[in-house]
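Novice: Supplied in structure tokens, the structure appears directly below.
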Amino acid sequence: MTESDDSFADLKAQQPVLPRPFLGRLLYPLMENRRTLAGVLSWIGLGIVVAFIVIAVLAPILAPYPVQGPSAIVAPKLQPPSLTHLMGTDESGQDVFSRVLWGAQTSLEVMAIGVVLALAIGFPVGLYSGYSGGAVDRIILLVMDSIYAFPGLLLALLVAVMLGKGVFNIGIAITVIYIPLYYRVTRNQTLSIREEPYVEAARGLGARPWTIMWSYIAYNVLVTIPVIFALSAADAILTAAGLSFLGLGIQWPTPDWGLDLSIANTFGDIGNGIWWTSFFPGLMIILLTVGLSFLGEGLNDIVNPLLRKERA
Amino acid sequence: MPRRSSLFAYGVTRLVMAFPMLLILLTVVFAVLRIIPGDPIYALYGGRAPPSVVMAQRHKLGLDQPLYLQFANYIAQVFTGNFGTSLGPIFGGQNVLDVIMQRLPATIELAIGSMLVATIIGMSVGILSGINRDRIVDVVGRLYGTIIFVIPIFWLGLMLQFVFAVDLKWFPVNSRFDVSIPPPVPITGLYTIDSLLQGRLDAFAVAVRHLFLPCLTLGLVLSGFFTKTVRANLLRTVGADYVEAARARGIRRRAIVMRYAFKNALIPVITVLGLEFAILFAGAVLTETTFNWNGMGLLLVNSIEVQDYPLIQGTIIVYSFIIVIISLMVDFLNGLIDPRVRY
């Protein structure tokens with residue numbers, strides 16, 4: 001009796017620490033590493049991203065002038081930056097500063113639709129493909145790799161042409177680029193976790209594949225996703241802006257950074273020495289994408305110990 | 313097995329494996345263009361054209377046939393090089409492939425120039441970063457790599473135009489050539505090479521001046537990727553045993569970096585070159601639009617504007633071919649340089 005109890009205690013001592021809740025698994029390393037370079041970078045990145053979310057939410061209050069409707073034309077066109085119009089006015093006489101603030105909403109919406117949908121499709125497919133292996137896995141892998149090799153912007157452009165303009169359609173168009181990315185990361189993680197003893201144990205006890213995939217593997221794959229999430233979000237914002245710049249994304253008068261740059265380019269503003277209509281929208285794109293990249297790369301250095309050793 | 317024959321075998325395997333990739337890409341393009349909502353004619357006209365016009369266009373393009381027949385026709389067209397004729401106002405009636413081939417050299421010229429800029433700047437910053445690990449040079453180099461990579465190409469292009477073309481007037485604002493003098497007679501289609509072949513140094517200078525800003529723009533953005541890869545791989549090789557051994561023998565640090573570590577650090581860089589080219593061609597579309605550069609990318613954007621469906625499809629197909637050929641070449645180069653890859 002006592003003997004078996006003791007061996008049971010031994011087994012218990014060997015058990016790994018129970019995983020912390022999801023947000024905890026993310027924030028704990030961030031807190032712990034706040035004094036390292038990677039930690040500082042992540043915190044700066046997180047700060048920038050949160051600031052942009054605040055700007056997007058508070059745009060109706062923060063923006064000094066309206067941006068849609070007939071009352072949006074508030075001044076003579078193409079005024080240089082001044083105290084009344086901090087970033088000047090554009091071709092239609094709208095306040096660039098107000099449009100730039102509102103543009104944060106558009107950008108974040110498109111980006112969120114794009115990456116969340118890509119995750120929602122790429123993750124389950126990757127999980128299934130990695131867990132089941134065999135011919136199915138190889139075929140899905142080949143298809144995904146082929147799509148991944150194709151220039152993302154061109155693919156999104158093609159989908160955007162077919163779907164038409166607008167926030168939701170552009171979100172879907174950029175999803176196509178990131179599905180292979182989420183698929184690959186998920187599949188590779190699943191491949192290695194599949195061989196863990198606890199998964200084997202579950203299989204030995206007769207758990208069905210569905211249960212193993214979703215109850216035992218999914219969670220441990222999901223914790224590696226935030227890095228990819230941040231980096232693909234940065235890329236998604238760039239791609240969406242690129243589509244708008246090519247005239248395929250957001251439609252005027254919706255305020256959007258890429259669209260504002262496109263209008264400035266079409267009217268040849270730069271050639272006429274008018275820099276403020278393109279400089280400020282572009283600056284916002286850069287700030288937001290730099291924030292997301294800092295967050296993604298910082299997290300990567302913290303979370304991924306192998307890379308940390310190499311990069312340090 | 314002698315070295316050459318195994319390299320040959322490797323090349324053949326790659327070639328065979330490239331075929332399914334091309335087929336998948338072509339199928340994806342087909343799926344996007346024909347299966348998403350309704351059909352391309354509807355998407356392009358957006359319900360503005362009368363039904364009779366739409367029906368006539370659909371019939372002309374064979375879009376009223378069943379999907380499997382359309383797909384068979386499409387694949388047959390692609391592999392016989394017959395992409396149909398343009399429907400747009402500019403190239404109406406011309407062979408699609410001919411139109412694309414006229415524009416291809418401009419894109420190639422831009423791509424080569426940008427790759428040159430990206431390699432020189434990216435490798436220099438990457439090496440400087442790698443050998444000064446964790447010092448201030450390294451921190452600046454890493455920041456450069458991260459920030460330059462997320463700068464929108466069109467924004468950088470417009471800003472460079474403002475500073476160097478509008479304000480300082482060192483370079484022309486946009487386009488491929490001056491209006492005032494005739495461009496060189498096309499032989500290769502690359503203005504720089506053609507003007508040199510014809511001994512026209514004035515035309516060569518003009519071509520280079522026009523190339524400079526677009527190539528700098530695209531090259532700078534691409535260099536971020538190089539910087540990161542070169543730095544990471546240099547760090548890995550600098551810690552390797554053979555480098556330690558070289559140091560123990562008293563070889564100077566610079567010689568070690570250049571002769572031992574750098575060469576091996578290059579191998580993974582070549583592996584990511586394929587991905588780099590994918591970014592390059594996407595970036596070229598934006599660069600061409602910013603600089604009004606008459607290449608394939610601008611052709612694609614313009615044909616979307618005028619709803620020229622055969623030209624849109626043709627351009628995308630040519631892009632697919634280019635991507636597959638480049639990924640083949642990168643694989644082959646990899647096998648040539650690193651014997652381990654071949655087995």
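Those protein sequence lines, which keep their order, are chains A and B. Going letter by letter, the first sequence gives residues 1 to 312 in our numbering. Going letter by letter, the second sequence gives residues 313 to 655 in our numbering. By construction, the Cβ of each residue, glycine as well, lies at the ideal position given by its N, Cα and C atoms.
(1) Out of T289(A), S293(A), H85(A), Y182(A), which has the shortest C-alpha to C-alpha gap to A241(A)?
(2) Between the alpha carbons of D269(A) and K77(A), how many angstroms are there, rounded?
(3) Which residues in chain A sit within 7 angstroms of A594(B), going by Cβ to Cβ distance?
(4) Anyone know if the C-beta pair for I250(A) and T106(A) falls short of 8 angstroms?
(5) Which value, in whole angstroms, describes the spacing of the CA atoms of Y503(B) and F403(B)?
(6) From this set, E32(A), M111(A), L62(A), which residue's C-alpha is nearest F97(A)'s C-alpha?
(7) Which of the three DSSP states, helix, strand or coil, is assigned to M313(B)?
(8) Got a sec: does the ligand MN put a non-hydrogen atom nearer than 7 angstroms to the Cβ of G93(A)?
(9) May I ask you to list the residues that DSSP assigns as paired with D95(A)?
(10) Considering only the alpha carbon of each residue, which of A388(B), N614(B), T539(B) lies closest to I433(B)?
(11) Where does T601(B) sit, in a helix, a strand or coil, going by DSSP?
(12) Relative to the C-alpha of G536(B), which candidate in I499(B), I591(B), G626(B) has its C-alpha closest?
(13) Within 8 angstroms of any Cβ in chain B, is that where the Cβ of M111(A) sits?
(14) Pick out the complete alpha helix (DSSP H) segments inside the region 540-628 of chain B, 4 residues or longer, and give them in chain order.
(15) What does the alpha-carbon distance come out to for the pair H371(B) and F342(B)?
(16) Measuring straight from C-alpha to C-alpha, what distance separates D620(B) and R415(B)?
(17) Starting from V303(A) and walking both ways along the alpha helix (DSSP H), at which residues does that stretch end?
(18) Any C-beta of chain A sitting closer than 8 angstroms to the C-beta of F489(B)?
(19) Looking at chain B, is there any beta carbon in it that lies within less than 8 angstroms of the beta carbon of I174(A)?
(20) Could you list which residues in chain E have their beta carbon closer than 8 angstroms to that of A234(A), in chain order?
(21) Can you give me the Cβ contacts of V569(B) inside the same chain, cut-off strictly under 6 angstroms, excluding the 5 residues immediately before and after it?
(22) Looking at the secondary structure, which residues open and close the alpha helix (DSSP H) in which L191(A) lies?
(23) Look at the alpha carbon of Y28(A) and the alpha carbon of Q189(A), and state the distance between them as a whole number of angstroms.
(24) Using CA coordinates, which residue listed in A234(A), E109(A), P281(A), L108(A) is at the minimum distance from S95(A)?
(25) If we define contact as Cβ-Cβ less than 8 angstroms, is L158(A) a contact residue for chain B?
(26) Which residues in chain A have a C-beta closer than 8 angstroms to the C-beta of G405(B)? List them in chain order.
(27) Using the C-alpha atoms, what's the distance from T211(A) back to L470(B)?
(28) For chain A, is any of its Cβ atoms less than 8 angstroms away from the one on P314(B)?
(29) Report the CB separation of F294(A) from V115(A) in whole angstroms; it is logged as a contact under 8 angstroms.
(30) Just tell me which of T397(B), V411(B), I412(B) has its CA closest to the CA of G405(B).
(31) In whole angstroms, what separates the C-alpha of I634(B) from that of I448(B)?
(32) Does DSSP put N220(A) in a helix, a strand or coil?
(33) Rounded to whole angstroms, what is the Cα-Cα separation between S318(B) and S632(B)?
(34) Taking the alpha helix (DSSP H) that Y386(B) belongs to, which residues open and close that run?
(35) For I459(B), go through chain A and note every residue whose CB falls closer than 7 angstroms to its CB, in chain order.
(36) Could you please give the first and the last residue of the uninterrupted alpha helix (DSSP H) stretch that includes V485(B)?
Specialist: Put simply:
(1) T289(A)
(2) So the alpha carbons of these two residues sit roughly 12 angstroms apart.
(3) Chain A residues near A594(B): P151, G152, L153, L154.
(4) yes
(5) 22 angstroms
(6) L62(A)
(7) With a pLDDT of only 42 at M313(B), under 50, the local geometry of the prediction cannot be trusted, and the value read off the model is given with reservation. DSSP places M313(B) in coil when its eight states are reduced to three.
(8) Absence of the ligand MN is noted for the structure shown, with no ligands found whatsoever.
(9) T89(A)
(10) T539(B)
(11) helix
(12) I591(B)
(13) With 8 angstroms as the cut-off, M111(A) does not count as an interface residue toward chain B.
(14) 553-560, 574-583, 585-602, 608-617
(15) 17 angstroms
(16) Rounded to whole angstroms, D620(B) to R415(B) spans 16 angstroms at the Cα level.
(17) DSSP places V303(A) inside the alpha helix (DSSP H), whose first and last residues are 276-303.
(18) Chain A places no beta carbon closer than 8 angstroms to that of F489(B), leaving this residue out of the contacts.
(19) no
(20) No chain E appears in the structure shown, which is made up of the protein chains A and B.
(21) I443
(22) 167-193
(23) 22 angstroms
(24) The displayed chain sequence assigns Asp, not Ser, to residue 95(A). Looking at the Cα atoms, P281(A) is the closest of the given residues.
(25) yes
(26) Correct list: empty, because the minimum Cβ distance to chain A is about 22 angstroms.
(27) 54 angstroms
(28) Because the pLDDT at P314(B) is just 46, under 50, the model does not fix this residue reliably, and the point stays unresolved.
(29) About 17 angstroms separates the two Cβ atoms, so there is no contact after all.
(30) T397(B)
(31) 40 angstroms
(32) helix
(33) Computed Cα separation, rounded: 28 angstroms.
(34) Start and end: 379-392.
(35) V290
(36) Per DSSP, V485(B) is not a residue of any alpha helix (DSSP H), being assigned neither H nor E.
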